[in-house]
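This report concerns only the one structure given below.
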Amino acid sequence: MTGNTTANGGRQADSIPANFILEANEILSHYPVSKRSASLPLIHLWQNHFGHIDPSGIEWIAAKLDLQPINIYELVTFYPWFRQTAPGKNIIRVCRTLSCALAGSKDLYEKFCETIGIDIEEARAHHGDGMPVSPDGNYSIEFVECLASCGSAPVCMVNDELHERVAPEDVPSLLSRSTSPAN
Amino acid sequence: MSCIHPAPHPKERRIIFGNLTQPGYAPDLKTYVAHGGYEQLRKALSMTPSAIIDAVKAANLRGRGGAGFPCGIKWSFIKQDDGKPHYLVVNGDESEPGTFKDRYILHEDPHQLIEGVAISSFALGVKLAYIYIRCEFPAAAKIVAAAIAEAKAAGFLGTNILGTGFSLDVFVHQGAGAYICGEETSLIESLEGKRPYPRIKPPYFPAVFGLYMNPTVVNNVETICHIPHILRLGPEEYAKMGTPGDGGTRTLCVSGDVQRPGAYELPAGAVTLRELLYDICGGPKPGRSFKAIIPGGSSAKVLRADEKIKRKVKGPDGTMLDQEIDVLDLVMDAASLAGAGTMIGSGGVIVMDDTRNMVETLNNLNLFYAHESCGQCTPCREGSLWMAKMSSRMLAGGGVENDPKKLKSIADNIAGRTVCAFGEAASWPTQSFLEKFPEEFAAIATKNK
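Protein chains in written order, with the numbering used here: chain L, 135 to 317; chain F, 487 to 935.
Encoded structure:
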């Protein structure tokens, strides 16, 4: 777990833009019966904006919903999608589950790791617990469970986009097409 | 790219996939309305809620999420005049390995779902509905939310729908990567903003103590999409497409070692497993033969491609006769697969050919269930991880003679001892793989003798 800082060293909650508050309020309006129902969507909003959730984010969301920080923290730690450490600029998710495994997703995953310079053993050790980051900071990779596209296995997601029937040799061109370049 | 082939197989009957496979079909309101969209909502609003529920019952619609519960019966548990708020929650968590059908509905024909939600909500006295979409479908969440806004602007959702006085709000709610949220009570907890630990039934049947402890119906995306078609075709016509206890069409998703994997929409019970795998999916890859079939999502018990199924059937004079058939001659409907000791579940058919090692296959599934156990119940939390560790060790060359027996005993001690059906889902692969392929487990277990 990282400390209470953003990339430039501050608390995330100290740099919330005005439109973020508007979006958070819009989300709250979707849950007229119980504000607590907005927990997951607010964590998503936070992570989409800041890249990960720091302790100040947990506190901010809890206060917004009249909850205790533990009520948010227990969600951040339970759900595989949420993370407390900063990922690389682009996130690669390769499906690990049966149909993709039969179609060679392990080779695909290893090819991704090799191409972006992440040690496979290190990546494996992170399964379900944070994400390793490539040395250039451009990539993170996860071996994830079923992405519900078994008929076009093996599949992976690069950021929000699904890629189907991906062969290991497609990896370099796929990365150059679908990821943002280094600064 | 899609898993739905542009040209339907002659056996297919596309209803749910009917619109989205039309060339140039777009997920917007204009296109949907041009294809006859929202006409069934108009019709439904002129009916009584109980007449709609009766139609769903008469259609013999079974839930398409996995458990296969008759939809009309589920709906009839909701008391119309109990004075409580009712909720409809659509399960779009599509996360059962082997299943990939709701993905296409959510991305490519969201208004079909929204029309189904509006009709169902009217029938159930619902004024607030949520569509729970797994976060691995980020585009779908945006598409469905945009479609809801369009429908609201056109008067198909919101206040005083089509001037009838019926009002309904619908919102998208995104999951966060947990398989357990596909379990209906877990999904409700997740929607309430809590850790998604399933609730125990009884007493927490959603129809009684559901969302915010009020009467709630949780239905799968595909199930809800069938509702407008039941009204369009009429329940009798709709039911006739399927078998007596399993009406309408079903999407079957075939993946793994076949020539033409894909999502196919077929009348329930229209094909045997053989027809599905050979005629529709083109058979095994060249030079290979089928070895194992998981017929209804990864939790369904595995079938051996060469096994014989012994069962009782009703003879012409009404007496029960013993019958033995090839597994491939099983009809793909709920009753037939249940009779073979497995289930049609979510319709996810995963096929393994003769090049596959069954211990490795099971290990893949064991790792899935170990990762996805929510951790609430000890037998499942400890047992799923234990099974995964054992099958991993066996594969790594560390098997010992007692392993198959021990694996079975762990699985037997999870199933039936947990709050939710995940316990069974996690145990059935181990139990069935050991039962159907004992020789492979014995061989790997005695390597180190």
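The beta-carbon is built from N, C-alpha and C at its ideal position, and this holds for glycine as well.
Buried or exposed by the 16-neighbour rule on C-beta atoms within 10 Å, applied to residue i
| i | result |
| --- | --- |
| residue 316 of chain L | Annotation note: pLDDT 47 at residue 316 of chain L (below 50); position unreliable, no value reported. |
| residue 565 of chain F | exposed |
| residue 267 of chain L | buried |
| residue 258 of chain L | exposed |
| residue 137 of chain L | Reliability fails at residue 137 of chain L, whose pLDDT of 42 lies under 50, so the model's placement of it is uncertain and no value is given. |
| residue 503 of chain F | buried |
| residue 242 of chain L | buried |
| residue 547 of chain F | buried |
| residue 167 of chain L | exposed |
| residue 265 of chain L | buried |
| residue 152 of chain L | exposed |
9 Å Cβ cutoff, residue i in contact with chain L
| i | result |
| --- | --- |
| residue 662 of chain F | yes |
| residue 743 of chain F | yes |
| residue 857 of chain F | yes |
| residue 836 of chain F | yes |
| residue 863 of chain F | no |
| residue 588 of chain F | yes |
| residue 927 of chain F | no |
| residue 739 of chain F | yes |
| residue 584 of chain F | yes |
| residue 830 of chain F | no |
| residue 769 of chain F | no |
| residue 919 of chain F | no |
| residue 784 of chain F | yes |
| residue 842 of chain F | yes |
| residue 555 of chain F | no |
Contact list for residue i against chain L, beta-carbon separation under 9 Å
| i | result |
| --- | --- |
| residue 851 of chain F | 231, 232 |
| residue 774 of chain F | The contacting residues do not exist; residue 774 of chain F stays about 12 Å from chain L at best. |
| residue 489 of chain F | 283, 284, 285, 286, 298 |
| residue 503 of chain F | Here the premise fails: no neighbours, minimum Cβ distance about 13 Å. |
Within chain F, partners of residue i - CB distance below 7 Å
| i | result |
| --- | --- |
| residue 213 of chain L | 662, 663, 664 |
| residue 154 of chain L | Ordered by position in chain F, no residue passes the 7 Å Cβ test against residue 154 of chain L, which lies about 17 Å from the chain. |
In DSSP terms, what residue i is bridged to
| i | result |
| --- | --- |
| residue 274 of chain L | L:225, L:267 |
| residue 748 of chain F | F:740 |
| residue 576 of chain F | F:617, F:705 |
| residue 567 of chain F | DSSP, once it has assigned bridges, lists no residue as partnering residue 567 of chain F. |
| residue 825 of chain F | The partner list for residue 825 of chain F (beta bridge, DSSP) is empty, contrary to what the question assumes. |
| residue 655 of chain F | F:614 |
| residue 290 of chain L | L:228, L:297 |
| residue 644 of chain F | F:654 |
Selection from the options that minimises the alpha carbon distance to residue i
| i | options | result |
| --- | --- | --- |
| residue 703 of chain F | F:606, F:729, F:741 | F:606 |
| residue 868 of chain F | F:543, F:899, F:556, F:851 | F:899 |
| residue 906 of chain F | F:754, F:768, F:672, F:827 | F:672 |
| residue 748 of chain F | L:282, L:199, L:173, L:300 | L:282 |
| residue 731 of chain F | F:494, F:490, F:505, F:554 | F:554 |
| residue 232 of chain L | F:873, F:848, F:875 | F:848 |
| residue 784 of chain F | F:488, F:917, F:608, F:755 | F:917 |
| residue 208 of chain L | F:792, F:628, F:676, F:528 | F:676 |
| residue 631 of chain F | F:515, F:557, F:927 | F:515 |
| residue 582 of chain F | L:284, L:174, L:299 | L:284 |
| residue 473 of chain F | F:806, F:708, F:600 | Here chain F covers residues 487 to 935 and nothing more, so residue 473 of chain F does not appear. |
| residue 637 of chain F | F:620, F:610, F:524 | F:524 |
| residue 710 of chain F | F:592, F:802, F:621, F:795 | F:592 |
| residue 651 of chain F | F:613, F:536, F:633 | F:613 |
Cutoff 9 Å: residue i Cβ touching any chain F Cβ
| i | result |
| --- | --- |
| residue 291 of chain L | yes |
| residue 338 of chain L | The first residue shown for chain L is 135 and the last is 317, placing residue 338 of chain L beyond what the model contains. |
| residue 208 of chain L | yes |
| residue 304 of chain L | no |
| residue 286 of chain L | yes |
| residue 278 of chain L | yes |
| residue 281 of chain L | yes |
| residue 308 of chain L | no |
| residue 184 of chain L | no |
| residue 159 of chain L | no |
| residue 312 of chain L | no |
Listed by chain order, chain F residues near residue i by CB distance under 9 Å
| i | result |
| --- | --- |
| residue 294 of chain L | 624, 625 |
Contact list for residue i against chain L, beta-carbon separation under 7 Å
| i | result |
| --- | --- |
| residue 657 of chain F | 164 |
| residue 749 of chain F | 285 |
Interface partners of residue i on chain F, CB under 8 Å
| i | result |
| --- | --- |
| residue 178 of chain L | 621, 660, 662 |
| residue 175 of chain L | 659, 660 |
| residue 168 of chain L | 678, 679, 698 |
| residue 172 of chain L | 679 |
Distance cut-off 8 Å: residue i Cβ against heavy atoms of the ligand PLP
| i | result |
| --- | --- |
| residue 642 of chain F | Judged by which ligands are present, the structure shown has none, so any question about the ligand PLP falls away. |
Listed by chain order, chain L residues near residue i by CB distance under 8 Å
| i | result |
| --- | --- |
| residue 581 of chain F | 279, 280, 282 |
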